[in-house]
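*Asks:*
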Amino acid sequence: MSTEMTPAAPARNLRKERIGVVSSTSMDKSITVVVERKEKHAKYGKFVKKTSKFMAHDEANDCNVGDTVRIMETRPLSKRKCWRVAEIIERAK
359 MSTEMTPAAP ARNLRKERIG VVSSTSMDKS ITVVVERKEK HAKYGKFVKK
409 TSKFMAHDEA NDCNVGDTVR IMETRPLSKR KCWRVAEIIE RAK
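First residue of the sequence shown? That's 359 in my numbering, and the numbers climb one at a time after it.
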């Protein structure tokens, strides 16, 4: 019994994706994205908002503060930056 992979394409892990709001664009080709989620409190059961900040690579400097973006995991690009902008979902008004 042989365990061969299909010759078309090697298996590649799915990359994580997050949707968040751009909070800073002061750097060149980099943005800060705030991702908000709701978690249930362990003891009291109330849903609590929690936020995470990610540094993401924006090659064309397209994003502005307030834009809703989808970011995708990628190889480390710098000390804190291992995400890149996949698409801009909604522009800030």
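We treat Cβ as the ideally placed atom computed from N, Cα and C, and that holds for glycine.
Because the structure is a prediction, the values reported are computed rather than measured.
To the nearest angstrom, how far is it from the Cα of Arg373 to the Cα of Gly403?
*Replies:* Each residue's Cα considered, the two are about 31 Å apart.
*Asks:* Check each candidate in Phe412, Ala418, Arg449 and name the one with the smallest Cα separation from Pro434.
*Replies:* Cα-wise, what sits closest to Pro434 is Phe412.
*Asks:* Classify Val392: buried if its beta carbon has 16 or more other beta carbons within 10 angstroms, exposed otherwise.
*Replies:* With fewer than 16 other Cβ atoms within 10 Å, it is exposed.
*Asks:* Opposite Glu375 in the DSSP bridges: which residues?
*Replies:* Answer is Met430, bridged to Glu375.
*Asks:* Mind checking Ala414: buried by the 16 CB within 10 Å criterion, or exposed?
*Replies:* Label assigned to Ala414: buried.
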